[in-house]
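If you're matching positions, the sequence shown starts at 97 in the working numbering and goes up one per residue.
Beta carbons: idealized from backbone N, C-alpha and C, even for Gly.
Fair warning: this is a prediction, and the values are worked out from it, not measured in the lab.
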Amino acid sequence: MTRLTEDLQQLDQLTARLSQWCQAFVQTLPDRGVAVPGDPALAADTLEDNGAGAAAAFDQFVRTIAPFLSASAGPRYLGFVTGGTTPAAMLADWLVAATDQNVSSPGDSISTAVELQVMRWLRALFVLPEHFEGLLTTGATASNLLGILCGRQFAGLQQNIDIAASGLAQTQIAVFSATAHASSIKSLSLAGLGRDRLTQIDCLPGTEAMDVASLRAALEASSCPGKIVLASAGTVTGTDFDDLQAIAALCRQHHAWLHVDGAFGLFSRLLPEYRHLSEGIELADSITSDAHKWLNVPYDCGIFFTRHTQLLQQTCSVAAPYLATGVDTQALMDWGIENSRRFRALPVWMTLKAYGRKGYRDLVAQNCHQAAHLADWIEASPDYQLLAPCKLNVVIFKPRVDDAEVGRTLRRINASGKVFMTPGFWQGSSGIRAAFSNWRTTQADMEIICDVLKAAMRE
Ligand SMILES: *Cc1c(COP(=O)(O)O)cnc(C)c1O
């Protein structure tokens, strides 16, 4: 009997153990070290000829890997914009592994239809018009890349060139942005346009939001027949929103593709009082968001919307007749980067079913409230000062003493093991950045966070 069949026969004990371990991990997340630096010397453990079976491999995981996992899904991990995972999303992700669907083309399974349904639900959640369709991606980076690839195809067509077919050689494309996310800059490299192609547009003073007058001047000055504008709905530090209405009007006038990165900022649309921030987004050509951030589904899961699915299909279509299925559901491998695709729609489906629009409104409102609370505390603190007003779910601040203390203070905060924050940079000044995007953060956590900040200055 092989290890594989043995494991299959023991599946009930194995899954029971796994379920127990996962429950304990999730329940104790608030008490775990939030970040676990350290090098467990994995390199010495070489690949063996004979496998040990799943139970022994699991033991080894528990001993050698588990102790070094972060509590990034827990309530006091405030680095980047990290999110967490809801119970329903976690269960669904187990189902994804157990059912192992390949969501590349329809015809053998309901999985493609589920992803298309989830995209309709997300469109409704974000209050976007029905002309937006799309698919799930590996993250906002992949969604930004898709937006840029579509923009590139669009810019080629303006010059009567089908870039997907004949490449970039004969085309001229200019790209404009004020505060493009690092992943969009990387996407310019990946798309063969190059990072240096970007025309830097000024920001409005004291913000990361695009100065529309500066964009207008740049578009008017450009003789390039193909143009792409990368706009932001929520920049990573200032959580600033570009004036999408004005930018969309300029894009229309100058035949430019408008891509909007709303990796976490798009979630502001769940709350009516924030919806004005992204007004005009309905005029975008493509939109990025992330589900593994504020939707609190497990990594990895990004969101891509476009109003030009034909163009998306032209850009990504897979010319392989053996893949034809004879059904009229959209094959998602023709809309995305990968051919083989994980059933990442299921955690999104399950969490939206489980908690609904109201659950997510409450989550976003709670995180914004927590960020505002921390910002107020910092403003009143003798030790720290805010670098920028808190507008959504991100707080950027630094010690009141000299700037050289920023790095050391951040190290002390993170060394507490109770809180994890990441460095930020604001208007030429380095700072500490805390982003709230986890459903489990409570008032008690806010007190721990403030205590850690206080202690970090006393040391
Ligand atoms: C996080 C983020 C990205 C990159 O997202 P990934 O999911 O890490 O690929 C892009 N843009 C913005 C605004 C982000 O916050």
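If you run the structure through DSSP and keep just helix, strand and coil, what is residue i?
i, result
"Thr331", "coil"
"Phe72", "For residue 72 there is no data in the structure shown, the boundaries of the chain being 97 and 555."
"Leu354", "strand"
"Ser436", "coil"
"Phe121", "helix"
"Leu110", "helix"
"Pro519", "strand"
"Phe228", "coil"
"Ser168", "coil"
"Cys299", "strand"
"Ile544", "helix"
"Asp145", "coil"
"Gln266", "coil"
"Ser273", "strand"
"Gly322", "strand"
"Leu294", "strand"
"Thr537", "coil"
"Tyr395", "coil"
"Thr208", "helix"
"Phe363", "helix"
"Thr38", "The shown model of the chain, from 97 to 555, leaves out residue 38, and the question about it has no answer."
"Thr233", "strand"
Give every residue of the same chain whose Cβ lies closer than 7 Å to the Cβ of residue i, excluding the five residues on either side of it in the sequence, and list them in chain order.
i, result
"Val210", "Ala441, Leu442 and Trp445"
"Gln582", "Summary: the structure shown does not reach residue 582, with the chain confined to residues 97 through 555, and so no result is reported for it."
"Leu165", "Val132"
"Pro136", "Thr160 and Phe164"
"Arg365", "Phe222, Val223, Arg371 and Ser374"
"Thr331", "Thr275 and Glu304"
Cβ of residue i within 8 Å of Cβ of residue j?
i, j, result
"Val502", "Ile528", "yes"
"Ser382", "Thr402", "yes"
"Leu488", "Ala467", "yes"
"Ser512", "Val177", "no"
"Ala461", "Ala184", "no"
"Leu407", "Phe157", "no"
"Ala305", "Asp338", "yes"
"Ala552", "Leu174", "no"
"Thr447", "Val393", "yes"
"Leu242", "Thr233", "yes"
"Arg438", "Val192", "yes"
"Pro202", "Thr208", "yes"
"Trp522", "Thr333", "yes"
"Met429", "Ser200", "yes"
"Arg248", "Lys514", "no"
"Ala238", "Gly129", "no"
"Leu311", "Leu346", "yes"
"Asp479", "Arg453", "no"
Let's see if you can read the secondary structure: which residues bound the alpha helix (DSSP H) around residue i?
i, result
"Thr405", "Thr405 to Cys412"
"Phe154", "Ala150 to Gln156"
"Ala530", "Segment Ser525 to Ala531 is the beta strand (DSSP E) holding Ala530; no alpha helix (DSSP H) there."
"Pro183", "Pro183 to Thr195"
"Gly247", "Ala236 to Gln254"
"Gln341", "Leu340 to Gln349"
"Leu315", "Val308 to Ala317"
"Val502", "Glu501 to Ala511"
"Leu104", "Arg99 to Gln105"
"Ile281", "Ala278 to Leu286"
Grab me the residues of residue i's own chain with a C-beta within less than 6 Å of its C-beta, minus the 5 sequence neighbours each way, in chain order.
i, result
"Thr405", "Glu229"
"Leu326", "Ser273, Ala276, Ser280 and His355"
"Asp379", "With the sequence shown as reference, residue 379 is identified as Leu, and Asp is not the correct amino acid for it. Correct list, in chain order: Ala344."
Can you tell me where the beta strand (DSSP E) holding residue i begins and where it ends?
i, result
"Lys494", "Val490 to Pro495"
"Phe401", "Gly398 to Thr402"
"Gln466", "No beta strand (DSSP E) contains Gln466, which is instead part of the alpha helix (DSSP H) from Ala441 to Ala476."
"Ile377", "Unbroken run through Ile377: none, as it is neither H nor E."
"Leu482", "Tyr480 to Leu482"
"Ser382", "Ser382 to Asp386"
By Cβ distance below 8 Å, which residues in the same chain neighbour residue i in space, the five residues on each side in sequence not counted?
i, result
"His469", "Met542"
"Gln266", "Gln255 and Ile257"
"Gly170", "Leu125, Pro126, Arg128, Val130, Gly180, Asn534 and Arg536"
"Ala314", "Phe272, Thr295 and Ile297"
Any beta carbon from chain C within less than 8 Å of residue i's own beta carbon?
i, result
"Ala309", "In the displayed structure, chain C is absent; only one protein chain is listed."
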